[in-house]
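Asks: So the protein sequences, as listed, match chains H and E. In this note's numbering, each residue carries its 1-based index in the first sequence increased by 2. In this note's numbering, each residue carries its 1-based index in the second sequence increased by 163.
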Amino acid sequence: MSEVIVITSGKGGVGKTTTTANVGAGLAQLNKKVVLIDTDIGLRNLDVVMGLENRIVYNLVDVVEGNCRIKQALIKDKKYPNLCLLPSAQTRDKSSVNPEQMKKLVDELREEYDYILLDCPAGIEQGFQNAIAAADRALVVTTPEVSAIRDADRIIGLLEANEINKTHLLVNRLRMDMVKRGDMMSIEDVHEILAIDLIGAVPDDEQIVISTNQGEPLVGSDSLAGQAYMNICHRLLGEEVPLLDLENKNGVWSKFVGLFKKN
Amino acid sequence: MGFMDFFKKKNSGDVAKDRLKLLLISDRADCSPDVMEQIKNDIIQVISKYMEIDAEGLDIQITQTESESNNGTVPALFANIPIKDLKHSGK
C-alpha cells in the first residue's frame, strides 16, 4: 500500500527540501519505489538539491493543466532508478494548482509508487493547503529555535484541523555542543513542547552543505547526518531504531578516523 | 541584578523553552480580542448577580500555572476582578 507523506515546517529555511531529498533517497535505498513532488510553485529547489535541474522538461503545472502525461514530467534520479522527481514550475504562482487537482495527481501516482513525498512550501497559504490536501502523514521539520518551533506548533494545529493525524517531528540542525552548554534546546525540550511523535533528529553537519553543493543526497553515508536520515527512513517503515548518539562525532576515535578520511 | 543572581543566570536554552511554553499557550488558545471580550462580559454578568464589581478594572488573561501533573505547569485563565461592594446576602 502506498503512503503519501508531506514534509512541512511553517517557517522557511529549516530544511524541508533537504529532508525531502534525503528521506526520498533513503527510502529508495531501502528498495521502495519513491516519487518526490516539489509543491513550491514559483520557488522550486528540490531539483537542485537532487542535482536534477538540467533534466527538467515538464513540471507539476504542466501535468495538472494537461500539457503532458505524468510519466513525461517525472525525472529519474541519477543514482537510484526507483526514485523519481516531479519538479515544480518556476515561472508560475501557487494559485496555478488547487487542492483537488493535487489529490487527483497523487492518487494516480499511488498506483505505481510505495512512497510519495511532498515537499511543502514555507507558510500556511495556498501552497501549504495544496501540499497537505493529499497527504496521509506529515513530517514536521523544525530547528531548536523559538521561531521555528512556534511555527511548527501552528502547523501541527493546522494539520490536525485537516484531519492528518499521523504527524512526526524531525528536529533538524541540532548542535550538541550548544545543547551541552545549555545554550540550545535539546531534542527532549523540543519534543516536550510540541508533543507529537518524534521520528528523529539530524545534527547540524557540514556534510549537508557539501552534499547540497554537489547535488547528491548524503543519506546512507557514514556522516552523522547521513546516518540520522537513514534511521529516520527505517522508522518511517515502522522499524524501531534507537536515537543516534549525536555526540560521537566529537569522540577521540572519530577524530582519529577523520584524520584518515579527509576526502 | 544582585550578586547572587549572576550565578543563578539561566541558560539561554532554558529561557527559550520557558518563553515558548508561554507563547504557545496563547497561540493555541487562539483567543482573539473578540473572544476574550465575550468571556469578560460573561464573567461580569455572572459575578454581578452576587456582588457589585468594577467592570472597568476587570482583567483576564490566559497564562500558565503550577500544577502537580503535566511537568508542573498547566494553562490557566486568570481573572482579576475588583469588588466594589459586597452585597449582603438575602437582599
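By construction, the Cβ of each residue, glycine as well, lies at the ideal position given by its N, Cα and C atoms. This structure is a prediction, so every number in the text was calculated from the model and none was measured.
Along the beta strand (DSSP E) that carries D181/E, what are the first and last residues, could you check?
Replies: Taken as a continuous stretch (DSSP letters only), D181/E belongs to no beta strand (DSSP E), being part of the alpha helix (DSSP H) at S175 to A192.
Asks: Among K106/H, S149/H and A150/H, whose alpha-carbon lies nearest the alpha-carbon of I134/H?
Replies: K106/H
Asks: How about P89/H and D40/H: are their beta carbons less than 8 Å apart?
Replies: Their beta carbons are under 8 Å apart, which means P89/H touches D40/H by this criterion.
Asks: Is the distance from the Cβ of P245/E to the Cβ of I216/E below 8 Å?
Replies: yes
Asks: Is the region 135-147 of chain H touching the region 155-171 of chain H, taking contact as three or more C-beta pairs under 8 Å?
Replies: Enough Cβ pairs lie closer than 8 Å, so yes.
Asks: Which residues of the region 161-187 of chain H have a Cβ closer than 9 Å to any Cβ of chain E? Give them in chain order.
Replies: Correct list: M180, V181, R183, G184, D185, M186 and M187.
Asks: Do we get a CB-CB distance below 8 Å when we pair S125/H with the residues of chain E?
Replies: Before going further, note that residue 125/H is Gly rather than Ser in the sequence given. Chain E, which has no Cβ nearer than 8 Å to the Cβ of G125/H, makes this no.
Asks: Does the CB of L185/E have a neighbour CB from chain H at under 8 Å?
Replies: no
Asks: Could you check whether the Cβ of S211/E sits closer than 8 Å to any Cβ belonging to chain A?
Replies: You won't find chain A in this structure, because its protein chains are H and E.
Asks: Assuming the contact rule is C-beta atoms closer than 8 Å, A179/E and M187/H should be a hit. Round their C-beta distance to whole Å, please.
Replies: Confirmed, about 6 Å.
Asks: For V63/H, which residues from the same chain have a beta carbon less than 7 Å from its beta carbon, with the 5 sequence-adjacent residues on both sides left out?
Replies: Result list for V63/H: I43, A91, R94, S98 and V99, in chain order.
Asks: Measuring alpha carbon to alpha carbon, tell me which of Q74/H, V181/H, L48/H and A150/H ends up nearest T21/H.
Replies: L48/H
Asks: Just the C-alpha distance for V192/H and G222/H, rounded to the nearest angstrom, thanks.
Replies: 25 Å
Asks: Taking the CB atoms as reference points, tell me whether V16/H and G217/H lie closer together than 8 Å.
Replies: no
Asks: Measure from the alpha carbon of A175/E to the alpha carbon of each residue in E194/H, K182/H, C235/H and R237/H, then state which is nearest.
Replies: Reading the sequence as shown, one finds Ser at residue 175/E and not Ala. Here the closest residue by C-alpha is K182/H.
Asks: So if DSSP puts H170/H in a beta bridge, which residue, or which two residues, is it bridged to?
Replies: L141/H and D199/H
Asks: What is the DSSP secondary structure of P244/H, counted as helix, strand or coil?
Replies: The DSSP-derived three-state label of P244/H is coil.
Asks: Identify the residues that DSSP records as bridge partners of F241/E: which are they?
Replies: DSSP output for F241/E lists Q224/E as bridge partner(s).
Asks: Indicate whether C235/H and L32/H have their beta-carbon atoms separated by less than 8 Å.
Replies: yes
Asks: Check whether the region 198-207 of chain H touches the region 161-179 of chain H, taking contact to mean three or more Cβ pairs, one atom from each stretch, closer than 8 Å.
Replies: The region 198-207 of chain H vs the region 161-179 of chain H: in contact.
Asks: Let me see if you follow: with CB-CB separation under 8 Å, is G17/H close to chain E or not?
Replies: No - not a single Cβ of chain E is within 8 Å of the one on G17/H.
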